[in-house]
Structure formats: structure tokens, C-alpha cells
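> What follows is a single structure, and I will ask about it in a moment.
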Amino acid sequence: MVKYNGDGESTGTMNYVRQTPTSQRMAWPLQMGGLLMLLLPSLFPSLFSPLCRSYPSVFSEWNAPRPMHSHLLNRALQQQTSKAQEAELWSPLPNQGWEACADKQDTQSLGRKSQGYIQVFLDGGLNQQRMGICDAVAVAKILNATLVIPYLEVNPVWQDSSSFADIFDVDHFVSVLSGDISIVKELPSDYSWSTREYYATGIRATRIKTAPVHASASWYLENVLPVMQSYGIVAIAPFSHRLAFDNQPSDIQHLRCKVNFHALVFVPHVRTLGDALVSRLHSPPSLDNASSATHFHSRENDRAGAGKYVVLHLRFDKDMAAHSACDFGGGKAEKLALAKYRQVLWQGRVLNSQFTDEELRGQGRCPLTPEEIGLLLSALGFNNSTRLYLASHKVYGGEARISALRQLFPFMEDKKSLASSHELSEVEGKASLLAAVDSYVSMQSDIFISASPGNMHNALLGHRAYKNLKTIRPNMTLLGKLFLNKTIEWSEFQQAVQQGHKNRQGQMRIRKEKQSIYTYPAPDCMCKA
């Protein structure tokens, strides 16, 4: 923890020295230099501030991160993958005895007259909002209410003001659910006063602010329905995670699955861009040298992974790095900068900061760095001919941080390397739409892996399980312990990684109590084959 003396006083002993004319002349440049250093942070704050979300501080984080596992990296760069190993790696999942059926399961059809209108205001990122939309449909069904297309709050981190209609295909959403609930794109004139601004400026009788996390269906019937019946409308905010996953009627569970896996599709221009990226990832990479291109393409035809690609979701932003309180190889300057960042954003209240790096890694609580996720992929059998798509917003440490990953996978791509600036113009600068493109490309991939748990990881884990697609779940505890061992040989590391991930590549897992229906779709969203 970094703390500063609020009085600006030194606790050391002051020694007074008689100043001579010569010493005064020598001290003057030093004094002016000190004054300049004091003024520079005020004149150019972006150069010194380690607190900026978008840019690293030049003077506090200028040390480029170095590889933390050079001995493993050097061996990984030399490894060869056998044809048998490659064939097993890229083979699709076998039938696991479950099939997607959320769109075929019976839900109670729309019958009784609507009791009123329900509005929800959703915060968080794209995938958190997606879950909120699914729950909003379910609550509307429970209350026999007409759902107003959900309002998406401006994301405080990325400052993205994209609306529901900017991200999701509204007409498709309404059409798929037309037999389940009534949906309107906007309120009739009698209720036009019920806006986000209206609820932000005072206490309103039609707003529910006290919905508990993971509330039951009966809570909504007892606390929300009377308000809606009295006023004809009710607004619920906050609404994220406000409907329980357990003890719900089966038709409500089926409906939540139907929304998530069938009703919510991205707007056409996101799907068009995504299809273009997927097509390019399925094609052989372009090579500058003609002879190397011919050699590559001849090898490519013999590979099990030819025409296939893996998506790596890499969330390694400054927030995650700081909140984890782990050491990522940037030296003392990086540790200081992240400690300052923790102090300002969370006032130092970060649970992990009370543990050492070794303790955190041993418990699997450190996010994998780009270098470490690269070593994991290499140990599993991916090699320098693998097409790798990087789904990521902004990596803390920039290109220096991902250089080891790029060494291991020279055919690594992302949105900007695959698409022109014109193709990206409709999504550029909009975090939710950029995440939507990554999500779309991830769903089409042959294999998906996420470097750390999170909302996107959970959303794709569930969606790909629903479609029976291969998804690798890193064993964080195992990897933490392996990376702490600085003398481990590559063969031992590789064997441990392969053994520890044998049953973490998309095998169906049945949802347990309190687990999310959107992450574990069986049995609620699926039928026995």
C-alpha cells in the first residue's frame, strides 16, 4: 500500500549548513530543477498520472515488462506437434447425450391481458446487460406485464452509450418472444414521463430500488405487482442479478434460455463484419515471401488445424491487473503504479493486497498474463502455424506485454489486422459493439479459451456448451503452482498441463445450486438426446 504524508513534512533530522556564495551559485540550478519537477505534473498530468485508464504513465510505468518464464518460453518456441496430437486437439466434441432445445420447450403462451408496463435499467458491460435482459423477460412473464425494450446505462468505464437497438436486433427479439410476452419498443404517450431522467431527479413511487440480489418469483409478485397495478407501470433499477437461478417454475427457466440462446442476436452490421472476419480466419494467412507462402500452404493442407482457428479472450486491462494485486514482471515501477491505482480507485480496499504474490498464485487468483496463456496453449499442442484470434479491448502494457504471445503465435490476428478501417467504422470507439464482434467471432470458432474468469468467459462458456462446442477452461490453481516453479522443465510442464486439462475442454457440466443458468445450461435449457 502506498501512502503519502498529508502534511508534507519529513520525519528525518534537518542539518543546517552555512551557505557560501559559491555553494549558493551551485544550488540555484538544483533549486530550479526541483521547482520544474514540482510544476511538471501540474502542467502535463497525463505524463505522470498512473491513474489514467487509457494510457500508462510515462514516468511511473516506463519499464517494459520482461518475460517471466524465459526457460519455458525458449523451449515452447522449439516444440513440434505430432499429427496425432494435432488431430486430437482440433477434433470436435462427441455427442454428450444433451441437445439444445430451449426454442422447442413449452412455455405458457401469451393469454391474459397485461397488468401494466415494466421498465428495467441495466448497468455493466455487454454480457452483464445480456443476462439482465433475459431476467427482465422472465420477470415480465412472472408479472404478466408488457416489457419495454430495456434501457442500457452508459458504461462508466468505457463511456459507451450504445442502446439496445444499437447492439441487438430488436425486430428479431420481439418476433421470437411474441408468443411468450408482450413487448413494446417505447411507452405510449400516457406514460412518456417515465424516463431515466425522471427517476434520476427524485424519489418516485413507480420505481423499485430495493429488489434483492437473486430475488424469488414470489418476491416480485408480492412487492412489484401491487405497484404496477396501482400506477400501470413500474421501473426497476438497479436490476442486474435480481432474479434467482433456483426454485423457479420450469416455464420461466425455459424462457430465460430461449431469450439468451435464440432471441438475442446482434444487429446485422455486427453479424456482417463478424462473418467477414470468420471467413478470413478460415482462409490461409497471407505471407509476404512467395517461397515461404508456397511452403506454408503445402504444409497447411496436411494439417488437422487447416482452415480452423482458436479464439483467445484476453482480458488484461489495468483494472484487472491492479485489483488482482499480483506481480506481472514490470518491476518496482509497475508495482508502485498499480498500488497507487488501487489506492485511488478502491481506497486500498482490495482483499488480495494482503497476500503475497506466491500465495495468490498458489490459490489460482492471479489472471494469466499473455505470456502465460501462450505457454498454456503451446503445452496443449497449439504451435506457430495456429490461427489465433485475439478478443481483447486494451492490454495493460501494450505491445511489449503481448510480444511473447506473438512470438509463439505469429499468425495471431484481431479485428484491426483482419478488417479495414472502413469496415470497422460503425463499431470503432464503441466498446459494447466491439465486444459484440468479438463475441460473434468467438461463437463461430473451432476452439475458445479465456485467460481469466469473467462475464464474457461465463457467457461464452454457457453458449458454447449449449451448442456442444469445444471450450478450454484454464486450471488456474494448477497453472499458478506450475509457474511458481522456476526450475520446472518443459516436458514436465507440458505433461502436467495436458493431464490437468484433459477434462476441461467442453465436457458437459450439470448446473449446481446457485450457479448461473447462462453459464451452465444443462439441464434447464437442454434435453436428453
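Per our numbering: the sequence shown = residues 419 to 947.
Heads up, the beta-carbon is just placed ideally off N, CA and C, and yes, glycines get one too.
Keep in mind that this is a model prediction, so the values were computed, not measured.
1. Spatial neighbours of residue 625 within its chain, please: CB distance less than 6 Å, with the 5 preceding and 5 following residues excluded, ordered by chain position.
2. Quick check on this structure: which residue in 668, 873, 855, 535 has the alpha carbon closest to the alpha carbon of residue 599?
3. Following the continuous alpha helix (DSSP H) through residue 835, name the residue where it begins and the one where it ends.
4. Using the Cα positions of residue 528 and residue 559, report the straight-line distance between them to the nearest angstrom.
5. Skipping 5 residues on each side, what residues in its chain have a beta carbon closer than 6 Å to that of residue 668?
6. What do you get for residue 520, buried or exposed, if any count of 16 or more other CB atoms within 10 angstroms of its CB means buried?
7. Determine whether the beta carbon atoms of residue 548 and residue 682 lie at a separation below 8 Å.
8. Nearest-angstrom Cα distance between residue 602 and residue 564?
9. Buried or exposed for residue 928, going by 16 or more other Cβ atoms inside 10 Å?
10. At 4 residues or longer, what runs of the alpha helix (DSSP H) sit wholly inside the segment 917-946?
11. Taking the straight line between their C-alpha atoms, what separation do you get for residue 906 and residue 747?
12. Rounded to a whole number of angstroms, what is the C-alpha to C-alpha distance between residue 891 and residue 620?
13. Taking a contact to mean a Cβ-Cβ separation below 8 Å, would you say residue 729 touches residue 829 in this structure?
14. Going by the DSSP bridge assignment, what does residue 653 pair with across the sheet?
15. Does DSSP put residue 549 in a helix, in a strand, or in coil?
16. Across which residues does DSSP place residue 487 in a beta bridge pair?
17. Closest by CA to residue 738, which one among 657, 787, 904?
18. If you drop the 5 nearest sequence neighbours on each side, which residues of the same chain put their C-beta closer than 7 Å to that of residue 947?
19. Return the Cβ separation of residue 725 and residue 700 in integer angstroms, given the expectation that the two are a contact with Cβ distance under 8 Å.
20. For residue 457, which residues in the same chain have their Cβ closer than 8 Å to its Cβ, ignoring the five residues on either side in sequence?
21. Starting from residue 417, follow its DSSP beta bridges and name the residues at the other end.
22. Would you kindly check if the distance between the Cβ of residue 687 and the Cβ of residue 659 is under 8 Å?
23. Can you give, in chain order, each stretch of the beta strand (DSSP E) that sits fully within the segment 841-922 and has at least 3 residues?
24. Here's a check: name, in chain order, each residue in its chain whose Cβ is nearer than 8 Å to the Cβ of residue 930, leaving out the five neighbours to either side.
25. Buried or exposed: residue 853, going by 16 or more other Cβ atoms within 10 Å of its Cβ?
26. Thinking residue 665 and residue 634 are a contact (beta carbons under 8 Å), I'd like their distance in whole angstroms, please.
27. Mapping DSSP to helix, strand and coil, what is residue 555?
28. Considering only the alpha carbon of each residue, which of 860, 843, 790, 797 lies closest to residue 920?
29. Helix or strand or just coil, what does DSSP make of residue 776?
30. Going by beta carbon distance, what residues of the same chain come within less than 8 Å of residue 588, once the five residues before and after it are set aside?
31. Hey, how far is the Cα of residue 613 from the Cα of residue 572?
32. For a quick check, are the C-beta atoms of residue 815 and residue 483 less than 8 Å apart?
33. Return the chain-ordered list of same chain residues with a C-beta closer than 7 Å to the C-beta of residue 821, the five sequence neighbours on each side being excluded.
34. Using only CA atoms, which one of 864, 783, 849, 869 lies nearest to residue 545?
35. Go ahead and label residue 785 buried or exposed: buried means 16 or more other beta carbons lie within 10 angstroms of its beta carbon, across all protein chains shown.
36. Just reading off the alpha helix (DSSP H) that residue 690 is part of, what are its end residues?
By the coordinates alone:
1. 617, 653
2. 535
3. 833-836
4. 9 Å
5. none
6. buried
7. yes
8. 7 Å
9. exposed
10. none
11. 19 Å
12. 46 Å
13. no
14. 537, 625
15. helix
16. The partner list for residue 487 (beta bridge, DSSP) is empty, contrary to what the question assumes.
17. 787
18. 513, 515, 516, 517
19. 5 Å
20. Note that residue 457 scores 46 on pLDDT, short of 50, meaning its location in the model is unreliable and no value can be drawn from it.
21. For residue 417 there is no data in the structure shown, the boundaries of the chain being 419 and 947.
22. no
23. 865-868, 888-890
24. 938
25. buried
26. 7 Å
27. helix
28. 797
29. helix
30. 567, 582, 603
31. 15 Å
32. yes
33. none
34. 849
35. buried
36. 686-700
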